[in-house]
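In the working numbering, the protein residues as written are 537 to 908.
So this is what it looks like as structure tokens:
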């Protein structure tokens with residue numbers, strides 16, 4: 537099959553997060569199965585766009601900001617429309633990783649005009665909104681979403697929210713977990729992994745709660761002077777507060793900001809760390825947690841994550857209420873107990889292999905694509 541995926545942004549700092557990682561993983565597995573695949577997106581980076589993302593052919597244009605404001609809503613490039621038109625016209629199916637943004641709107645409209653079957657995957661990005669701008673946008677966006685063959689959802693919460701947005705005329709909502717293509721690298725890094733490095737790797741955005749990571753670090757530092765803490769990720773508003781908090785707590789010698797990382801550097805950071813901490817709340821399906829588990833890194837997360845119950849059941853992560861004190865207790869236990877770290881890492885890899893692997897996900901995608 538000829539399969540085109542569209543995602544809003546690919547960048548060297550991983551700013552668009554989960555949807556980009558999910559699209560790339562799905563396409564790499566589809567390509568490995570012999571399908572003709574292509575990824576279409578905007579590109580933002582210090583260097584020119586690559587011709588491939590991993591093993592996947594990549595069609596892109598530079599990300600221009602057409603609408604003022606933060607985030608990806610207003611990013612677009614006029615020539616991307618021509619790229620979408622060509623790619624969609626040759627495709628058997630188009631898979632749109634869609635949110636409320638100009639790229640998603642354009643891709644939906646082109647697929648509809650081309651008469652090409654399309655499925656959508658919204659990654660929790662389409663929620664009921666009442667603001668005037670959202671209502672105007674939805675007059676175009678929602679009817680196009682309703683034209684999809686199916687919409688793929690991660691959680692029951694996302695199902696409820698999409699039902700509220702799409703109404704009774706919406707397409708079928710089908711469950712599809714995210715999945716990872718797992719390398720062997722994380723299985724063989726015990727000798728190079730730090731015993732005291734704790735990392736945060738996510739957008740510096742209020743929902744990710746990087747300030748809670750800093751507060752946790754201050755508490756752990758009181759008990760473990762050897763521990764070091766690094767925050768990685770693109771700043772989306774929280775970096776000034778993070779820096780002020782580091783200064784106020786007097787922990788500038790043990791807590792640092794390492795900037796944004798591309799995907800390869802992010803995987804290397806997981807492999808070196810003793811613990812990965814994600815303090816964010818209401819995460820439907822945190823890809824950074826799955827990536828850390830796949831690299832054999834013990835994880836501390838919050839109980840509001842969509843995968844927290846499964847990880848807790850499998851004893852594959854330490855799940856907390858998200859308070860700095862609870863995060864600090866979990867991190868302190870892991871830093872003090874190498875055997876606990878090893879058990880958690882092994883259980884995390886099993887969870888990836890058995891539940892969250894890309895193989896099982898793409899088995900379901902192939903069946904969906906062929907139904908057309």
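Just so you know, even glycine gets a beta-carbon here, dropped at the ideal spot from N, CA and C. These figures come from a predicted structure and were not determined experimentally.
Three-state secondary structure assigned by DSSP to residue i
i           : result
residue 601 : strand
residue 539 : strand
residue 631 : strand
residue 759 : helix
residue 727 : Only weak support exists for where residue 727 lies, its pLDDT of 46 falling under 50; the coordinates are left without a value.
residue 891 : coil
residue 593 : strand
residue 652 : coil
residue 797 : coil
residue 640 : helix
residue 691 : coil
residue 699 : helix
residue 611 : strand
residue 588 : strand
residue 685 : coil
residue 886 : helix
residue 646 : helix
residue 662 : coil
residue 750 : helix
residue 897 : helix
residue 764 : strand
residue 905 : helix
residue 548 : coil
Residue span of the alpha helix (DSSP H) that contains residue i, given as start and end
i           : result
residue 678 : 668–682
residue 557 : 554–568
residue 619 : 616–625
residue 817 : Segment: none, residue 817 is in no alpha helix (DSSP H) and carries neither H nor E.
Under 8 Å between C-beta atoms of residue i and residue j
i           : j           : result
residue 739 : residue 551 : yes
residue 778 : residue 746 : yes
residue 855 : residue 734 : no
residue 542 : residue 620 : yes
residue 545 : residue 580 : yes
residue 820 : residue 675 : no
residue 868 : residue 701 : no
residue 897 : residue 712 : yes
residue 652 : residue 630 : yes
residue 575 : residue 594 : yes
residue 557 : residue 823 : yes
residue 677 : residue 636 : yes
residue 753 : residue 787 : yes
residue 687 : residue 680 : no
residue 623 : residue 540 : yes
residue 597 : residue 613 : yes
residue 886 : residue 810 : no
residue 772 : residue 799 : no
residue 857 : residue 839 : yes
residue 698 : residue 655 : no
residue 768 : residue 731 : no
residue 716 : residue 859 : no
residue 578 : residue 599 : yes
Whole-angstrom C-beta distance between residue j and residue i, which should lie under 8 Å
i           : j           : result
residue 834 : residue 870 : 5 Å
residue 852 : residue 883 : 4 Å
residue 831 : residue 806 : 4 Å
residue 626 : residue 538 : 6 Å
residue 640 : residue 647 : So it is not a contact: roughly 11 Å between Cβ atoms.
residue 748 : residue 863 : 7 Å
residue 826 : residue 714 : 7 Å
Element boundaries [beta strand (DSSP E), containing residue i]
i           : result
residue 774 : First-last for residue 774: undefined, no H or E at that position.
residue 572 : 572–580
residue 733 : 733–737
residue 711 : 709–711
heavy atom of the ligand FMN below 7 Å from residue i C-beta
i           : result
residue 645 : For the ligand FMN, the structure offers nothing, since it holds no ligand at all.
Of all the alpha helix (DSSP H) runs that stay within the bounds of the region 821–878, which reach a length of 4 or more residues? 823–830, 844–849, 860–872
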